[in-house]
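Per full-length UniProt numbering: the sequence shown ends with 78, consecutive numbering throughout.
We put the beta carbon where it would ideally sit given N, CA and C, even for glycine.
One structure below.
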Amino acid sequence: LIFFFRCPRARGPLTRQIPLCAGCNQHIVDRFILKVLDRHWHSKCLKCSDCQTQLAEKCFSRGDGVYCKEDFFKCVGN
């Protein structure tokens, strides 16, 4: 499940309130923030842990990994 949030616009010293992306470790100043596994992501950084396909609408998780549907079911089948 992917949650979309509006990104808080901060000015000056408030940058510590702007979340860091779990994928690239940069501040997220985009209009929307994705939140998956209690971590924040740029939309371009949320990718399948196995095939690196960008995950735009749905994703599946196992442990700390985020997967596309196909790779998730390959992982679960093992």
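Residue closest to residue i, alpha-carbon to alpha-carbon, out of the options
i: residue 52; options: 18, 68, 40, 42; result: 68
i: residue 29; options: 39, 18, 22; result: 18
i: residue 61; options: 26, 40, 36; result: 36
i: residue 57; options: 64, 48, 65; result: 48
i: residue 42; options: 72, 70, 63, 20; result: 20
Rounded distance between the beta-carbons of residue j and residue i, thought under 8 Å
i: residue 46; j: residue 66; result: 7 Å
Note to self: Quick check on the DSSP output: what are the complete alpha helix (DSSP H) runs of length 4 or more inside the stretch 9-77, in order along the chain?
What the structure shows: 69-77
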